[in-house]
Amino acid sequence: GENVEQHPSTLSVQEGDSAVIKCTYSDSASNYFPWYKQELGKGPQLIIDIRSNVGEKKDQRIAVTLNKTAKHFSLHITETQPEDSAVYFCAASRAGGYQKVTFGTGTKLQVIP
Amino acid sequence: KAGVTQTPRYLIKTRGQQVTLSCSPISGHRSVSWYQQTPGQGLQFLFEYFSETQRNKGNFPGRFSGRQFSNSRSEMNVSTLELGDSALYLCASSPVGDSYEQYFGPGTRLTVT
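Okay, here's the thing in structure tokens:
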């Protein structure tokens with residue numbers, strides 16, 4: 001089955017700096033890679049996603065890159081703000097009309113004001 | 001549009017009992033997936049339902065079961081509860097078709113004593 005590794009497990013940055021979280025996956029058939037943000041007491045919230053036919057996607061301060069050859073994908077947050085503090089999960093899934101998503105282990109991001 | 005709702009939000013049960021959790025997806029969404037989230041194991045896929053049929057199942061014992069109703073609402077049941085079943089149980093809904101996006105509810109926190 002699919003295996004998703006996520007690094008680092010914790011990340012502290014100064015407000016205004018950039019944060020990068022990296023994930024690798026094992027199943028070459030995976031073609032959908034979402035990122036979720038989970039705040040305390042809440043369910044994960046989809047913040048950005050990328051499909052295998054795209055190498056990079058950006059949404060305001062958040063960007064995701066995908067390297068299918070190396071089976072790597074990364075989340076980049078620029079100009080971090082205290083409200084970005086949360087746990088971030090990467091995930092990978094395969095096409096086929098059904099949902100079986102494999103999640104990374106999460107990165108706890110702390111933005112220091 | 002209302003988000004995914006889960007009831008109850010908190011539950012305390014005794015070892016050996018059974019429990020039923022409920023999930024109402026976003027209006028129009030026909031796919032519902034369930035996940036178990038624990039500090040040690042992260043987010044683990046339980047099962048996914050689409051049009052009242054289980055399409056996919058994770059690696060959990062048969063004590064974990066679910067069903068989906070004609071209105072897309074879903075329930076999951078855990079029988080003969082064990083201490084290790086203490087976790088946050090998350091439900092996620094997805095639109096029909098080829099969309100892979102999942103939208104999570106706030107979860108049900110189950111504590112087994």
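If you read the sequences in order, they're chains C and B. Okay, so the first sequence: first residue is 1 according to the working numbering, each after it adds one. Okay, so the second sequence: first residue is 1 according to the working numbering, each after it adds one. The beta-carbon is built from N, C-alpha and C at its ideal position, and this holds for glycine as well.
Practice problem: Have a look at R55 of chain B and N71 of chain B and give me their C-alpha separation to the nearest angstrom. | Solution: 17 Å
Practice problem: Return no unless some Cβ of chain C is closer than 8 Å to the Cβ of G28 of chain B. | Solution: no
Quiz item: Should the region 75-90 of chain B be regarded as contacting the region 25-41 of chain C, the criterion being three or more beta carbon pairs within less than 8 Å?
Solution: no
Self-check item: Segment limits, beta strand (DSSP E) that includes D27 of chain C
Solution: Looking at the DSSP string, D27 of chain C is not in any beta strand (DSSP E), and its letter there is neither H nor E.
Exercise. Note down the Cα distance separating I48 of chain C from T10 of chain C, rounded to an integer number of angstroms.
Key: 20 Å
Exercise. Let me know if Y36 of chain C comes out buried or exposed under the rule of 16 or more other beta-carbons within 10 Å of its beta-carbon.
Key: buried
Practice problem: Thinking Q110 of chain C and S85 of chain C are a contact (beta carbons under 8 Å), I'd like their distance in whole angstroms, please. | Solution: 5 Å
Exercise. In the DSSP assignment, find the beta strand (DSSP E) that holds H72 of chain C and state where it starts and stops.
Key: 72-77
Quiz item: Would a check of beta-carbon distances place P113 of chain C closer than 8 Å to chain B?
Solution: no
Exercise. Going by CA-CA distance only, name the one from B:E52, B:M76, B:T53, B:F50 that's closest to G62 of chain B.
Key: B:M76
Quiz prompt | Buried or exposed by the 16-neighbour rule on C-beta atoms within 10 Å, applied to Q6 of chain B | solution = buried
Quiz prompt | Interface partners of V101 of chain C on chain B, CB under 7 Å | solution = F45, Q102
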